[in-house]
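Q:
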Amino acid sequence: MGQFIYGGSATNSFEIDDRILAHLEIAIGTKFRRNESFILTLRGRELPSGSGYREFWMHPAIWMQFRIDRPERARPINAAWVATMVAAASTDRGLSLIREP
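First residue of the sequence shown: 1, per UniProt numbering; consecutive thereafter.
Written out as structure tokens, the structure is:
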């Protein structure tokens, strides 16, 4: 399991599967290269409480870190999955973690 850390705060550190996290990192990087901000929603199992949801404003100026524990599990990258994430991030609802197509 990797970690997504948002805003430099230990309270905003979330364990996410390495494969999902690697694809999320690429999708977020793609949006940021375009200077596009969006909402990321983490739900239920991605949260320490195991329920509810938290939304994060994703902007290139906000500090965040991706820690992938086992990079070999993240490869190969599924370009279709990344494209689906980028497209979802461009909607009014923003990006939620989605299963690999």
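Using N, Cα and C, we set each Cβ at its ideal position, and we do this for glycine too.
In terms of DSSP beta bridges, what is Trp-63 paired with?
A: Answer is none; Trp-63 lacks a bridge partner.
Q: Let's test the definition: count the other Cβ atoms within 10 Å of the Cβ of Gly-7 and tell me whether it reaches 16, buried, or not, exposed.
A: exposed
Q: Looking only at DSSP bridge pairs, what is Ser-13 linked to?
A: Ile-5
Q: Could you say if the region 31-40 and the region 8-23 meet the contact criterion of at least three C-beta pairs nearer than 8 angstroms?
A: no
Q: Note down the Cα distance separating Thr-30 from Glu-100, rounded to an integer number of angstroms.
A: 18 angstroms
Q: With 16 as the cutoff for other CB atoms within 10 Å, does Ala-74 come out buried or exposed?
A: buried
Q: Tell me which residues share the same chain as Ile-28 and place their Cβ nearer than 7 angstroms to its Cβ, disregarding the 5 neighbours each side in the sequence.
A: Met-58
Q: Let me confirm a value: Asp-69 is counted as buried when at least 16 other C-beta atoms fall within 10 Å, else exposed. Which label applies?
A: exposed
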